[in-house]
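J.:
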Amino acid sequence: MINTLFLSHKIASADSPITSTEFYEAYMDVKMVQRAHLQSVLGFEIAEFLSSPENPIDEKAAVINALSWKFEGNNNAEFYMYYLALRYHVPFVQLDTDFLNADEIFCLGYLMAMDNFSHPEDALPILEEAYKTLNNSFTVSMIFALVKSQLFLSMDLCEVWKSVEKVLMNKDLKQDLRTEAKKKVIDYMAGYKEYCQ
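Oh and the sequence shown: position 165 is 1018 in our numbering, straight run, nothing missing.
(1) Counting only the same chain and skipping the five closest in sequence on each side, list residues whose C-beta sits under 6 Å from that of Tyr963.
(2) Would you tell me roughly how many angstroms separate the C-alpha atoms of Gln887 and Phe897, rounded to the nearest one?
(3) Any beta carbon of chain B sitting closer than 7 Å to that of Glu1033?
(4) Who are Lys1027's beta bridge partners in DSSP?
(5) Using beta-carbon positions only, say whether Thr872 and Phe959 come within less than 7 Å of one another.
(6) Could you name the residues of the same chain whose beta carbon sits closer than 8 Å to that of Ile910, not counting the 5 residues immediately before and after it, in chain order?
(7) Suppose you measure from the CA of Leu903 to the CA of Leu920; what does that come to, to the nearest Å?
(8) For Val1020 and Glu907, I'd like the C-alpha separation in whole angstroms.
(9) Distance check for Pro944 and Ser1007, CA to CA, integer angstroms please.
(10) Specify the secondary structure class of Gln1050 as computed by DSSP and reduced to three states.
(11) Measuring CA to CA, which of Glu1012, Ala966, Val1017 is closest to Gln1050?
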C-alpha cells in the first residue's frame, strides 16, 4: 500500500536538486502552471489536470515543480491520493498503484519527492514504477534522475551530476521537455560537475 510510505520526517535545510531546479518558469504560459505557482497547494482542478490523459507529461511535471516546497513540508501528495481514491471509487486506505495509470503514478511519486525532498527514498519506488512504463520520456527520466541524485548529496557529489548526465546522453529519449526548461535543469546541475575532476 502506498499509504505506508507516508512517514513524517523533519525536513532539513539543505541544497536540493529536486527543489532548486525551477524549470516550471519555462511553462508560465500554461494556465495550470500559473495557478500552481500562485497557490503552492494542490487543489481539485490541479489534481484533475494531473490525471487527465489529454495533458502532456512535461506540463504535468511543470505544475508539480511550480507547487514548490515549504520548510514545514507540504501534503500535496496526500491530497492527490485522496483525489485518486475518489476518482477510482476506492477507500483511501486501499488505494494502490494498481488502480493508477503511469502518468498518475509518476505525478504521485514526483509530488512525494517535492513534499519531502530530504527523504527521496520514500518517493523512489513510486517513480521507479512509473519509469518502467515511461522510460522513453526525457521528462520522466530527468525527474527520476533528479530524485535519485538527492541520495548522493551526502555521499558522492560527482554522482549527483552523473545521474543527470546519463539522461542527457541518452539520444533515444523522446525530447518532451521544453528546451528552456532543460537548460534550467542543466545550468543548476552543472554545478556538481566540478566534483568529478
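Ideal Cβ placement from N, Cα and C applies to all residues, glycine included.
These numbers come from a predicted model, not from an experiment.
T.: Quick answer:
(1) If you number the sequence shown from 1, residue 963 lands on position 110. Excluding residues within five positions, the ones whose Cβ falls inside 6 Å are Ile917, Ile996.
(2) On the sequence shown, residue 887 is found 34 positions in, with the first residue counted as 1. On the sequence shown, residue 897 is found 44 positions in, with the first residue counted as 1. Each residue's Cα considered, the two are about 15 Å apart.
(3) As a matter of chain content, chain B is missing from the structure shown, which is built from one protein chain.
(4) For the purposes of this step, residue 1027 is taken as residue 174 along the sequence shown, with counting starting at 1. Paired residues: Ser990.
(5) In the sequence shown, counting from the first residue as 1, residue 872 sits at position 19. In the sequence shown, counting from the first residue as 1, residue 959 sits at position 106. Their beta carbons are not under 7 Å apart, which means Thr872 does not touch Phe959 by this criterion.
(6) As a working mapping, residue 910 is identified with position 57 in the sequence shown. Answer for Ile910: Asp956, Phe959, Leu987, Ser990, Thr992, Val993, Asp1029, listed in chain order.
(7) Counting from 1 along the sequence shown, the entry for residue 903 is found at position 50. Counting from 1 along the sequence shown, the entry for residue 920 is found at position 67. Roughly 12 Å between the two C-alpha positions.
(8) Position 167 of the sequence shown, counted from the start, is the residue given in the question as residue 1020. Position 54 of the sequence shown, counted from the start, is the residue given in the question as residue 907. Going from the Cα of Val1020 to the Cα of Glu907 covers about 25 Å.
(9) Working through the sequence shown from its first residue, we reach residue 1007 at position 154. Working through the sequence shown from its first residue, we reach residue 944 at position 91. So the two alpha carbons sit approximately 38 Å from each other.
(10) On the sequence shown, residue 1050 is found 197 positions in, with the first residue counted as 1. Here Gln1050 sits in coil by DSSP.
(11) As a first step, residue 1050 must be located in the sequence shown, where it is residue number 197. Out of Glu1012, Ala966, Val1017, Glu1012 has the C-alpha closest to the C-alpha of Gln1050.
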